[in-house]
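Counting in our numbering, the sequence shown runs from 101 upward without gaps.
The block underneath contains the structure these notes are about, expressed in structure tokens.
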Amino acid sequence: MSDYFKNINEIIYEGPDSDNPLSFKYYDENRQVLGKTMKENLRFATCYWHTFTWPGLDPFGGATFERPWMSSGDPLKMAEMKLDEAFDFFNKIKTSFFCFHDRDISPEGSNYKETQKNFLYIIDLIQSKMETSKVKLLWGTANAFSHKRYMSGASTNPDPEVFAYKAAQVKDCMDATKRLGGSNYVLWGGREGYETILNTNMGLEIDNLKRFLELVVDYKYKIGFDGQILLEPKPHEPTKHQYDFDSASCLAFLRKAGLENEIKLNIEANHATLSGHSFEHEIVYAIANNALGSLDINRGDTLLGWDTDQFPNSVLELILPFYHIFSNGGIGKGGLNFDAKIRRQSIDPEDLFYAHIGGMDICAKTLLAVEKMINDKKLSDYVTKRYEDWQKDLGNYIYNKGTTLESIHQKVLDENIEPKPRSGNQEYLENILNKYL
Ligand code: XLS
Ligand code: CA
Ligand code: CA
């Protein structure tokens, strides 16, 4: 019986003039944008961990959320109650998808056998709930960072038993993700890094991480999982030096491992900014390398230096990321996962709805702006023109097979090539962008 959200009805689109805080102002799921419905374009997901499992603690204080499924009691019964409430939430908020870690949905037992039993018990329940609910699984993932066994890393732990334990967890979680029809499987290496080089064999740790990813990719083929395998970059936090710092370092690593055609990236807005990049930089870098998999759509706080995981609330922050994604044909098998948590003072059941409604509305509003940007072609025409000489004589010549450094040198002399600086017109372009905000 689910009644935590009993005072809240299914959220419907009421339009921008509505004063009802429990309605969508912009997210009109069936509205056509760029040849698809908003729902098909945006592929929203609710995340299980922040939304149902995180109790509102911070480094200075304990839980602030009094969710009934967080009270003491049989952990498996609590997990069942949480699941009922989660599906009630999914059905009311109508994100098309959800995402989970194995440990969000089911409790650890006293040994791995018991943990696995708990997990499979809840997976069975999820499977039967998915038969009557419209929500689908965007991705599953294993939590190999919270428990103290992982304090020195998971697949990069000095102890091979920890590697093996994580491998067992990931196998179960990949099986479950496949069983539930997941579109992706995510690997976030929370502790795949190190605190001090004094106690670290970096070369071996990186080899072990590579070995782990090879095992995952082999297993994907073995079970016929047709989803994408995704690596999620994050520069630090929890560890000081993470091996998966940003899109570029993930791709360098994947290439070294020969896995660049097997694994794509799950890019998170707040991780992008923590690495000193913008969200759009990380996305465009991935697109340029055919590695964009999915997005965790949240935001950080410029005044705080940590991973605050807040819900997105600004068209200005999303417009360039969306412009590049939708100019490139959309997010494919990926989606927009709200890897975001409400503030610890937001303790009412309604607060979870306000947060998701706000996030979905701001994404929908941004999508509408981006549709205009794409159709107007002002920015794309500008960029095409800026690079058009690469399609002409000199550009083609540079790429000809027979061209050498010497022959280019000769050409500069013979043709008296004297490049004239051309303006990048940044302010002109910023003014164009402002028209769409
Ligand atoms: C933490 C990460 C995590 C991954 C999944 O910062 O964002 O939530 O998305 O393990
Ligand atoms: Ca994330
Ligand atoms: Ca985060």
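Using N, Cα and C, we set each Cβ at its ideal position, and we do this for glycine too.
May I have the straight-line CA-CA distance separating residue 216 from residue 245, to the nearest angstrom? The residue given as residue 216 occupies position 116 in the sequence shown. The residue given as residue 245 occupies position 145 in the sequence shown. If you take the alpha carbons of residue 216 and residue 245, they lie about 17 angstroms apart.
Closer than 7 angstroms to a non-hydrogen atom of ligand 2 - does that hold for the CB of residue 214? Looking up residue 214 in the sequence shown gives position 114. It does not: the Cβ of residue 214 is nowhere closer than 7 angstroms to a heavy atom of ligand 2.
When you compare only the Cα positions, how much space is there between residue 147 and residue 482? Position 47 of the sequence shown holds residue 147. Position 382 of the sequence shown holds residue 482. Each residue's alpha carbon lies about 38 angstroms from the other.
Indicate, with yes or no, if ligand 2 has a heavy atom lying under 7 angstroms from the CB of residue 396. The residue labelled residue 396 in the question sits at position 296 within the sequence shown. Yes, Cβ of residue 396 sits closer than 7 angstroms to a heavy atom of ligand 2.
I need the boundaries of the alpha helix (DSSP H) containing residue 459, first residue and last residue. Here residue 459 refers to the residue found at position 359 when the sequence shown is read from its first residue. Here the alpha helix (DSSP H) through residue 459 covers 449 to 476.
Could you check the C-alpha separation between residue 443 and residue 408 for me, to the nearest Å? Residue 443 sits at position 343 when you count from the first residue of the sequence shown. Residue 408 sits at position 308 when you count from the first residue of the sequence shown. Computed Cα separation, rounded: 9 angstroms.
Quick check: what's the CA-CA separation for residue 104 versus residue 145? As a first step, residue 104 must be located in the sequence shown, where it is residue number 4. As a first step, residue 145 must be located in the sequence shown, where it is residue number 45. Rounded to whole angstroms, residue 104 to residue 145 spans 20 angstroms at the Cα level.
Identity of the residue in 399, 234, 310 nearest residue 412 by Cα: Numbered from 1 along the sequence shown, position 312 holds the residue referred to as residue 412. Comparing Cα-Cα distances from residue 412 to each of 399, 234, 310, the minimum goes to 399.
Hey, could you find the ends of the beta strand (DSSP E) residue 265 is sitting in? Within the sequence shown, residue 265 is the residue found at index 165, counting from 1. That residue, residue 265, is in no beta strand (DSSP E); its alpha helix (DSSP H) goes 260 to 279.
What distance in whole Å lies between the Cβ atoms of residue 266 and residue 254, which are believed to be in contact at a cut-off of 8 angstroms? Counted from its first residue, the sequence shown places residue 254 at position 154. Counted from its first residue, the sequence shown places residue 266 at position 166. The pair is a contact, with the Cβ atoms about 4 angstroms apart (cut-off 8 angstroms).
For residue 423, report the span of its alpha helix (DSSP H) as first-last. In the sequence shown, residue 423 corresponds to position 323, counting from 1. Element bounds for residue 423: 415 to 427.
Going by the C-beta, is residue 368 closer than 7 angstroms to any heavy atom of ligand 3? Reading the sequence shown from its first residue, position 268 is the one you call residue 368. Yes, the Cβ of residue 368 comes within 7 angstroms of a heavy atom of ligand 3.
Which of the three DSSP states, helix, strand or coil, is assigned to residue 213? As a position in the sequence shown, residue 213 is number 113, starting the count at 1. Residue 213: helix per DSSP, three-state reduction.
Where do the ends of the alpha helix (DSSP H) carrying residue 526 lie? Counted from its first residue, the sequence shown places residue 526 at position 426. Where residue 526 is concerned, the enclosing alpha helix (DSSP H) stretches over 526 to 534.
Which runs of the beta strand (DSSP E), 3 residues or longer, sit entirely within the segment 139 to 223? 144 to 147, 197 to 201
For residue 385, which of helix, strand or coil comes out of DSSP? In the sequence shown, residue 385 corresponds to position 285, counting from 1. Here residue 385 sits in helix by DSSP.
Out of curiosity, what's the CA-to-CA distance linking residue 500 and residue 492? Translated into positions along the sequence shown, residue 500 becomes position 400. Translated into positions along the sequence shown, residue 492 becomes position 392. Cα to Cα, the separation comes out at about 12 angstroms.
Can you tell me where the alpha helix (DSSP H) holding residue 316 begins and where it ends? Position 216 of the sequence shown, counting from 1, holds the residue named residue 316. Note, residue 316: alpha helix (DSSP H), 302 to 323.
Could you give the first and the last residue of the continuous beta strand (DSSP E) run that contains residue 79? The shown model of the chain, from 101 to 537, leaves out residue 79, and the question about it has no answer.
Answer yes or no: the CB of residue 332 versus the heavy atoms of ligand 2, is any distance below 7 angstroms? By one-based count along the sequence shown, residue 332 stands at place 232. Residue 332: yes, Cβ under 7 angstroms from ligand 2.
Look at the Cβ atom of residue 529, then the Cβ atom of residue 415, and state whether they are nearer than 8 angstroms. Residue numbering aside, residue 529 sits at position 429 when the sequence shown is read from its first letter. Residue numbering aside, residue 415 sits at position 315 when the sequence shown is read from its first letter. Not in contact: residue 529 and residue 415 (Cβ atoms no closer than 8 angstroms).
Measuring CA to CA, which of 486, 426, 401, 359 is closest to residue 387? Within the sequence shown, residue 387 is the residue found at index 287, counting from 1. Considering only alpha carbons, the answer is 426.
Using only the heavy atoms of ligand 1, determine whether one of them is closer than 7 angstroms to the beta carbon of residue 448. Walking along the sequence shown from the start, residue 448 turns up at place 348. No, ligand 1 has no heavy atom inside 7 angstroms of this Cβ.
Could you name the residues of the same chain whose beta carbon sits closer than 6 angstroms to that of residue 191, not counting the 5 residues immediately before and after it, in chain order? Along the sequence shown, one-based indexing puts residue 191 at 91. Only 233 meet the Cβ criterion.
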